[in-house]
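Chains as they are written, first to last, in the UniProt record's numbering: chain A, 1 to 265; chain B, 1 to 446.
C-beta: ideal position from N, C-alpha, C; glycine also.
In structure tokens, the structure reads:
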């Protein structure tokens with residue numbers, strides 16, 4: 001618990017957290033304002049999809065930076081070495097630190113989007129279940145990219161390395177992964193489509209988007225061809241859970257295995 | 001004696017009232033059978049057992065809680081006489097049998113000139129079925145299907161079969177197989193209906209010269225599928241959120257001379273999907289924020305696209321299977337492509353100074369692989385197109401000789417202005433170390 005408290009105090013003194021929350025709040029308010037002209041019935045869904053589409057442009061990169069700099073700060077201020085001398089392993093430290101970072105970064109966004117329900121309820125026909133689906137997709141995305149940020153922070157020995165790794169990670173998931181998938185598409189047959197499906201849903205942006213669109217019941221996978229049925233071999237929710245668990249574990253274990261205790265001061 | 005006379009008089013009055021305004025005693029069918037031609041039957045706030053057949057010109061009026069419940073073996077209400085009026089009723093529980101020789105419905109109309117007003121229908125195979133029935137009016141009714149997961153096990157909301165000159169107005173249909181199904185039905189008018197959560201909002205075959213206006217098709221697998229028909233007019237309709245894998249706002253398949261004017265296509269997987277169709281006119285529509293604005297197959301020719309607003313689609317228009325002979329302008333009026341394909345208008349006449357053409361390589365993937373549609377929202381498409389442009393693998397999708405240019409142009413969204421201002425201010429105040437200071441040492445300069 002004191003890790004969360006420490007993380008919170010450090011973050012609220014900094015500008016990064018406030019800048020990120022500020023952007024999220026500003027964008028969500030402006031999108032809500034622009035959506036008020038939409039119809040009472042359909043406006044809710046259009047708002048959520050537009051919001052998600054906007055958030056994926058900056059939530060991943062902000063999470064990467066915030067997570068990475070939070071870990072790096074422990075190296076920079078030598079608190080990491082101090083903590084590790086008290087018979088604490090790096091994995092134990094990283095687990096507590098990860099939980100603290102996730103709680104501090106995800107918690108306020110969760111609270112903000114709970115407050116956000118009030119104006120939504122005023123303007124649109126709110127559906128609680130569908131709103132929960134939206135929150136799940138967005139917060140899962142945050143969890144995954146926070147953890148990637150923590151990995152980057154653990155690997156890096158300088159701030160420039162953090163900037164480089166963060167941009168590469170963001171670029172990979174935002175452009176490169178799908179670009180590779182598109183290049184592979186002509187070779188996809190009924191026999192290998194499941195592998196392709198796993199690779200496709202390895203991208204958290206795609207996994208959370210498909211989960212959101214099917215969860216909101218705006219995207220239907222009804223009347224599928226045999227190929228598409230094989231592609232969607234489990235429900236989108238399982239793809240999202242699988243993606244999140246896999247990437248969280250992968251980032252955590254890689255951070256434990258390849259971490260560097262000190263920066264290049 | 002006086003009392004006896006009074007009693008006889010009262011009995012006489014009551015019997016007269018029963019003859020003119022029947023009240024529900026016995027079964028509803030008995031009541032209908034005993035009513036005279038032209039009688040008005042007022043039903044009580046209760047559930048009447050069906051099934052019933054109406055063989056005479058009568059008016060049946062229910063109230064908010066009047067229900068006619070079928071026994072699940074046939075049609076609940078069969079109208080075989082012309083001029084029948086039914087108002088303010090709930091009709092439910094028709095047969096759901098898909099193997100019978102007849103397709104059952106909550107209300108099946110076999111005659112002409114009937115009026116159905118404020119009828120609520122649920123738990124039935126088809127909702128209202130017009131079978132060789134002409135000049136009927138169906139209005140203000142609500143048809144609720146079995147919904148998600150049961151789409152294929154049921155029929156359509158409004159089924160119009162060999163039926164002409166009907167008016168279907170202001171109805172709400174949700175959760176049925178197809179919202180409205182037209183088969184060999186001509187000269188009908190369909191307006192102000194709302195159709196959602198169906199397979200096709202409108203399924204339209206072998207029917208000519210019908211008019212659809214002010215209808216809303218949303219959350220369907222396909223908005224309107226128009227096949228093997230001609231002379232249809234679609235005006236002022238909205239096709240919204242028809243968003244599934246390979247969904248569409250409007251599909252024209254083997255359809256000719258279709259007039260599509262002043263409609264809105266918003267957030268569909270494909271706004272317009274045109275295959276094997278000719279000589280249709282697509283004018284003044286708003287085709288906005290779809291994954292593919294217009295998907296046009298080479299088997300389609302002589303389409304005219306003019307004065308449409310085609311904005312913010314991932315792909316504005318794509319020609320598949322080769323280039324057909326279609327026109328992207330008419331009488332010197334092209335289309336407004338917004339920021340997707342900006343155009344200069346130095347002489348200020350509202351028409352771009354140069355023709356514009358749209359190049360893409362993505363069409364090949366769409367043609368070759370159905371999973372391509374999964375990537376339509378990915379930012380990687382832009383990279384893919386740029387890479388192929390460098391490798392000169394792009395092909396011209398269309399050329400608009402007279403693109404429309406909006407006066408004043410698109411304004412930059414406020415959000416980007418604000419974000420830009422915030423970023424600029426931060427850089428200005430904090431200098432080149434802003435990133436590290438912001439994300440690093442608790443905001444303290446070292």
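Reference residue i, options the options, closest by Cα
i, options, result
"residue 340 of chain B", "B:101, B:357, B:59 and B:327", "B:357"
"residue 298 of chain B", "B:319, B:310 and B:314", "B:319"
"residue 49 of chain A", "A:202, A:230, A:229 and A:214", "A:214"
"residue 4 of chain A", "A:102, A:72, A:67 and A:156", "A:102"
"residue 366 of chain B", "B:317, B:334 and B:343", "B:317"
"residue 58 of chain B", "B:80, B:45 and B:75", "B:80"
"residue 239 of chain B", "B:259, B:202 and B:208", "B:202"
"residue 96 of chain B", "B:295, B:370, B:145 and B:174", "B:145"
"residue 115 of chain B", "B:405, B:168 and B:153", "B:168"
"residue 31 of chain A", "A:21, A:52 and A:20", "A:52"
"residue 84 of chain B", "B:55, B:355 and B:308", "B:55"
"residue 160 of chain B", "B:354, B:188 and B:170", "B:188"
"residue 342 of chain B", "B:241, B:35 and B:406", "B:406"
"residue 151 of chain B", "B:109, B:196 and B:333", "B:196"
"residue 139 of chain A", "A:9, A:188 and A:55", "A:55"
"residue 65 of chain A", "A:218, A:167 and A:6", "A:167"
Residue i: contacting residues in chain A (beta-carbon distance under 7 Å)
i, result
"residue 384 of chain B", "179 and 182"
"residue 367 of chain B", "Within chain A, no residue comes near residue 367 of chain B; the closest Cβ sits about 11 Å away, beyond 7 Å."
"residue 57 of chain B", "The contacting residues do not exist; residue 57 of chain B stays about 39 Å from chain A at best."
"residue 218 of chain B", "42"
"residue 380 of chain B", "175, 178, 179 and 182"
Simplified DSSP assignment, three categories, for residue i
i, result
"residue 58 of chain B", "coil"
"residue 22 of chain B", "Bear in mind that a pLDDT of 44 at residue 22 of chain B, under 50, signals an unreliable position, so the number given afterwards is only what the model happens to contain. DSSP places residue 22 of chain B in strand when its eight states are reduced to three."
"residue 255 of chain B", "coil"
"residue 179 of chain B", "strand"
"residue 125 of chain B", "coil"
"residue 6 of chain A", "helix"
"residue 14 of chain A", "coil"
"residue 316 of chain B", "strand"
"residue 486 of chain B", "In the structure as shown, chain B begins at 1 and stops at 446. Residue 486 of chain B is therefore absent and cannot be evaluated."
"residue 196 of chain B", "strand"
"residue 1 of chain A", "coil"
"residue 228 of chain B", "coil"
"residue 404 of chain B", "strand"
"residue 20 of chain A", "helix"
"residue 69 of chain B", "strand"
"residue 218 of chain A", "coil"
"residue 432 of chain B", "With a pLDDT of 48 at residue 432 of chain B, under the threshold of 50, the predicted position of this residue should be treated as unreliable, and no value is reported."
"residue 245 of chain B", "coil"
For residue i, the first and last residue of its enclosing alpha helix (DSSP H)
i, result
"residue 193 of chain A", "193–201"
"residue 100 of chain A", "90–115"
"residue 129 of chain A", "128–155"
"residue 164 of chain A", "159–171"
"residue 269 of chain B", "From DSSP, residue 269 of chain B is part of no alpha helix (DSSP H); its letter is neither H nor E."
"residue 227 of chain A", "226–231"
"residue 212 of chain B", "Per DSSP, residue 212 of chain B belongs to no alpha helix (DSSP H); it is in the beta strand (DSSP E), 211–213."
"residue 386 of chain B", "380–390"
Endpoints, the beta strand (DSSP E) within which residue i is located
i, result
"residue 240 of chain B", "238–240"
"residue 88 of chain B", "85–92"
"residue 78 of chain B", "77–79"
Contacts of residue i in chain B (Cβ-Cβ under 9 Å)
i, result
"residue 202 of chain A", "Ordered by position in chain B, no residue passes the 9 Å Cβ test against residue 202 of chain A, which lies about 14 Å from the chain."
"residue 224 of chain A", "245"
"residue 218 of chain A", "219, 241, 243, 244 and 267"
"residue 52 of chain A", "Here the premise fails: no neighbours, minimum Cβ distance about 10 Å."
Per DSSP, cross-strand counterpart(s) of residue i
i, result
"residue 252 of chain A", "The partner list for residue 252 of chain A (beta bridge, DSSP) is empty, contrary to what the question assumes."
"residue 221 of chain B", "Answer is none; residue 221 of chain B lacks a bridge partner."
"residue 278 of chain B", "B:256 and B:301"
"residue 105 of chain B", "B:126"
"residue 311 of chain B", "B:288"
"residue 395 of chain B", "B:360"
"residue 161 of chain B", "B:131 and B:183"
"residue 374 of chain B", "In the DSSP output, where bridge partners are listed per residue, residue 374 of chain B has none listed."
"residue 139 of chain B", "B:117 and B:169"
Neighbouring residues, chain B, relative to residue i (Cβ below 7 Å)
i, result
"residue 209 of chain A", "377"
Proximal residues of chain E, C-beta to C-beta of residue i below 7 Å
i, result
"residue 186 of chain A", "This model lacks chain E altogether, as its protein chains are A and B."
Contact list for residue i against chain A, beta-carbon separation under 9 Å
i, result
"residue 144 of chain B", "None at all; the shortest Cβ gap to chain A is about 15 Å."
Chain B contact residues for residue i, given Cβ-Cβ distances below 8 Å
i, result
"residue 227 of chain A", "370 and 371"
"residue 25 of chain A", "The contacting residues do not exist; residue 25 of chain A stays about 12 Å from chain B at best."
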